[in-house]
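> Numbering (my numbering), first residue to last: 5 to 431.
Using N, Cα and C, we set each Cβ at its ideal position, and we do this for glycine too.
Model, not experiment: these values are computed from the prediction.
Here it is, the structure, as structure tokens.
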Ligand code: NAP
Ligand code: HSE
């Protein structure tokens with residue numbers, strides 16, 4: 005008997021799932037020792053040409069899929085919170101396993117949905133919710149399960165990586181590259197979730213929860229987007245032997261979890277520094293395995309379809325082996341989240357100041373009062389009697405840096421603090 009699949013949403017990802025199941029049917033069947041059949045697909049639009057065909061029911065009636073007793077696995081690729089959440093809960097109640105690509109939903113309601121799946125004795129898989137086609141959820145949950153994971157650092161938003169790469173390589177301004185990314189279809193008409201860091205924060209909450217076996221909620225993640233990064237910042241970063249990336253950083257140290265998404269200055273020799281364009285990568289450090297990195301396409305019809313079909317095959321293996329104990333929620337710890345003021349990084353501070361004697365000395369004094377010392381300084385003339393200064397600090401507490409910045413802002417010889425950017429990896 006084939007395993008029967010119902011799909012909710014026939015958009016970019018839904019079409020990718022159908023295509024992967026069809027084009028690799030023989031390999032998928034041989035490797036999972038069973039056949040798969042797409043029984044039905046739900047979508048609002050029953051008429052548009054999407055380039056996928058098959059012997060399945062296409063319906064706009066959710067219950068024709070959710071309550072079909074023959075369907076074993078529901079694939080939710082509609083997106084959004086509601087009705088996706090309710091449909092997944094209903095599918096579980098009707099005894100179906102669920103696969104979803106919906107990071108917004110998993111980041112916000114993962115706990116509830118995983119509990120419901122455990123209660124129903126069914127599986128809820130979400131490999132495609134982070135990093136598109138990159139196999140990272142299974143890697144953290146299974147392949148690296150023998151490790152204590154200390155660091156998960158990702159470039160997990162393709163839109164922002166495309167923008168920062170083009171700005172760095174072509175010396176172009178943020179607004180111009182964003183407009184180009186929208187024209188090319190990488191960035192949405194409303195790009196806020198990507199450029200403000202929220203998309204990466206949702207994915208980081210999911211990754212950190214799995215990596216550290218402790219629930220990390222979206223509200224726990226410190227988030228700062230890329231809209232203040234200028235080509236000048238990228239040029240200074242290059243001068244320092246670095247580049248700037250939007251990083252999603254999760255660390256487990258001293259029995260605390262630190263989770264933050266922000267632009268970060270990264271040394272050019274860091275493995276993540278050469279991840280360019282729309283590509284994603286996740287760098288993971290485990291105590292036994294050491295450094296690892298997972299690289300690939302973070303979005304797109306077929307890459308995301310690849311991740312979803314791998315979840316379908318995993319569930320099929322468990323159905324065949326009559327596994328009665330799905331391992332859904334892996335959060336058996338309850339670790340505290342580190343306060344923002346306790347983050348410890350080096351900083352880049354770019355300022356416009358009066359070009360006069362004692363200005364640099366006073367700045368050094370203001371930082372020293374907050375117990376912060378400089379690792380390096382760049383100064384360039386800017387117009388009459390003005391200078392642009394880039395201060396690079398030694399690693400310090402975020403709280404101390406904010407204290408120092410308040411004094412610097414109040415110093416009359418400082419015209420403007422153009423930007424403050426954290427370093428990743430010591431510096
Ligand atoms: P999409 O192209 O907009 O497809 C979603 C489809 O579902 C659309 O056809 C939509 O119809 C339909 N739909 C939505 N709500 C519905 C409802 N209540 N009833 C019936 N049909 C409904 O979206 P997508 O890009 O495939 O993304 C799907 C999910 O995968 C999202 O959660 C997304 O975050 C995730 N994801 C996407 C990618 C990617 O590369 N696109 C990568 C990783 C994860 P309408 O167009 O009429 O709304
Ligand atoms: N908007 C996301 C990105 C793609 O730019 O990476 C889907 O997760």
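Write down the C-beta distance between residue 68 and residue 83 rounded to the nearest angstrom, noting that I regard them as a contact closer than 8 Å.
As a working note, residue 68 is residue 64 in the chain shown. As a working note, residue 83 is residue 79 in the chain shown. Their Cβ separation, rounded to whole angstroms, is 20 Å, which puts residue 68 and residue 83 out of contact at 8 Å.
> Have a look at 81, 268, 220, 230 and flag the residue whose alpha-carbon is nearest the alpha-carbon of residue 242.
In the chain shown, the residue the question calls residue 242 occupies position 238. Residue 268 is the option with its Cα nearest to residue 242.
> What residues come near the ligand HSE, if near means a beta carbon less than 6 Å from any of its heavy atoms?
In chain order, the qualifying residues are 161, 162, 163, 198, 203, 302, 303.
> With distances taken between CB atoms, is the gap from residue 292 to residue 151 smaller than 8 Å?
Taking the chain shown and counting its residues from 1, one reaches residue 292 at position 288. Taking the chain shown and counting its residues from 1, one reaches residue 151 at position 147. Yes, they are a contact pair.
> Which class does residue 82 belong to by DSSP, given the choice of helix, strand or coil?
Indexing the chain shown from 1 puts residue 82 at position 78. Residue 82 falls in the coil class under three-state DSSP.
> Which word fits residue 127, buried or exposed, when buried means at least 16 other C-beta atoms lie within 10 angstroms of its C-beta?
As a first step, residue 127 is located in the chain shown; it is residue number 123 there, counting from the start. The residue in question, residue 127, is buried, as its Cβ has 16 or more Cβ neighbours within 10 Å.
> Please classify residue 427: is it buried, with 16 or more other beta-carbons within 10 angstroms of its beta-carbon, or exposed?
Translated into the one-based positions of the chain shown, residue 427 becomes position 423. Answer is buried; the Cβ neighbour count reaches 16.
> Does the contact criterion of 3 or more C-beta pairs under 8 Å hold for the region 97-104 versus the region 116-134?
A contact exists between the region 97-104 and the region 116-134.
> From residue 147 to residue 296, what does the alpha carbon distance come to, in whole angstroms?
Reading the chain shown from its first residue, position 143 is the one you call residue 147. Reading the chain shown from its first residue, position 292 is the one you call residue 296. Residue 147 and residue 296: Cα-Cα distance of roughly 12 Å.
> For a test of the three-state rule: what should DSSP assign to residue 155, helix, strand or coil?
Counted from its first residue, the chain shown places residue 155 at position 151. Of the three classes helix, strand and coil, the one that applies to residue 155 here is strand, per DSSP.
> Reducing DSSP to helix, strand and coil, say where residue 301 ends up.
Counting from one through the chain shown, the residue named residue 301 turns up at place 297. In this structure, residue 301 counts as strand in the three-state DSSP scheme.
> Is residue 106 near the ligand NAP, in the sense that its beta carbon is under 7 Å from a heavy atom of that ligand?
Within the chain shown, numbered from 1, the residue matching residue 106 stands at position 102. Yes, the beta carbon of residue 106 sits closer than 7 Å to at least one heavy atom of the ligand NAP.
> Considering only heavy atoms of the ligand NAP, does any lie closer than 7 Å to the CB of residue 315?
Taking the first residue of the chain shown as 1, we reach residue 315 at position 311. No.
> Using the Cβ count rule (16 or more neighbours within 10 Å means buried), how would you classify residue 266?
Residue 266 sits at position 262 when you count from the first residue of the chain shown. Looking at its Cβ environment, which holds 16 or more other Cβ atoms inside 10 Å, residue 266 is buried.
> Please state whether DSSP places residue 310 in a helix, a strand or coil.
Within the chain shown, residue 310 is the residue found at index 306, counting from 1. Residue 310: helix per DSSP, three-state reduction.
> Rounded to a whole number of angstroms, what is the C-alpha to C-alpha distance between residue 404 and residue 187?
Working through the chain shown from its first residue, we reach residue 404 at position 400. Working through the chain shown from its first residue, we reach residue 187 at position 183. So the alpha carbons of these two residues sit roughly 42 Å apart.
> Taking just the CA atoms, how far does residue 79 sit from residue 312?
Here residue 312 refers to the residue found at position 308 when the chain shown is read from its first residue. Here residue 79 refers to the residue found at position 75 when the chain shown is read from its first residue. Taking the straight line joining both Cα atoms gives about 8 Å.
> What's the C-alpha gap between residue 73 and residue 59?
Translated into the one-based positions of the chain shown, residue 73 becomes position 69. Translated into the one-based positions of the chain shown, residue 59 becomes position 55. Between residue 73 and residue 59, the C-alpha separation is close to 18 Å.
> Note down, in chain order, each residue of its chain lying with its Cβ closer than 7 Å to the Cβ of residue 37, except the 5 sequence neighbours on either side.
Counting from 1 along the chain shown, the entry for residue 37 is found at position 33. Closer than 7 Å at Cβ, skipping near neighbours: 324.
> Which one of 77, 51, 231, 384 has the shortest CA to CA distance from residue 321?
Taking the first residue of the chain shown as 1, we reach residue 321 at position 317. Here the closest residue by C-alpha is 77.
> Is the closest heavy atom of the ligand NAP to the C-beta of residue 437 under 7 Å?
Residue 437 is absent from the model: the chain starts at 5 and stops at 431.
> First and last residue of the alpha helix (DSSP H) that includes residue 335?
The residue you call residue 335 lines up with position 331 of the chain shown. Per DSSP, residue 335 belongs to no alpha helix (DSSP H) and is neither H nor E.
> Taking contact to mean at least 3 C-beta pairs separated by less than 8 Å, is the region 238-257 in contact with the region 209-228?
The region 238-257 is in contact with the region 209-228.
> Classify residue 413: buried if its beta carbon has 16 or more other beta carbons within 10 angstroms, exposed otherwise.
Taking the chain shown and counting its residues from 1, the one referred to as residue 413 is at position 409. Classification of residue 413: exposed, given that the 10 Å Cβ count is below 16.
> Is the CB-CB distance between residue 355 and residue 393 below 8 Å?
Reading the chain shown from its first residue, position 351 is the one you call residue 355. Reading the chain shown from its first residue, position 389 is the one you call residue 393. Taking 8 Å as the Cβ cut-off, residue 355 and residue 393 qualify as a contacting pair.
> What's the call for residue 345, buried or exposed, on a 16-neighbour Cβ count within 10 Å?
Residue numbering aside, residue 345 sits at position 341 when the chain shown is read from its first letter. So residue 345 counts as exposed.
> Looking only at its own chain, which residues have a Cβ that is under 7 Å from the Cβ of residue 418, when we skip the five neighbours before and after it?
To locate residue 418, count along the chain shown from 1; it is residue 414. Only 355, 357, 412 meet the Cβ criterion.
> Does at least one heavy atom of the ligand NAP sit under 7 Å from the Cβ of residue 114?
The count along the chain shown starts at 1 and reaches residue 114 at position 110. False, no ligand heavy atom lies under 7 Å from that Cβ.
> Could you check how far apart the C-beta atoms of residue 220 and residue 263 are, in whole angstroms? I think they sit under 8 Å.
Residue mapping note: residue 220 aligns to position 216 of the chain shown, counting from 1. Residue mapping note: residue 263 aligns to position 259 of the chain shown, counting from 1. So it is a contact: roughly 6 Å between Cβ atoms.
> From what residue to what residue does the beta strand (DSSP E) around residue 260 run?
Numbered from 1 along the chain shown, position 256 holds the residue referred to as residue 260. 260-271 is the extent of the beta strand (DSSP E) around residue 260.
> Relative to the C-alpha of residue 214, which candidate in 377, 140, 274 has its C-alpha closest?
Your numbering for residue 214 matches position 210 in the chain shown. Comparing Cα-Cα distances from residue 214 to each of 377, 140, 274, the minimum goes to 140.
> What does the Cβ neighbour count give for residue 35, buried or exposed, with the cut at 16 atoms within 10 Å?
The residue given as residue 35 occupies position 31 in the chain shown. With fewer than 16 other Cβ atoms within 10 Å, it is exposed.
> Tell whether a beta-carbon distance below 8 Å holds between residue 172 and residue 247.
The residue labelled residue 172 in the question sits at position 168 within the chain shown. The residue labelled residue 247 in the question sits at position 243 within the chain shown. Result yes, Cβ atoms of residue 172 and residue 247 sit closer than 8 Å.
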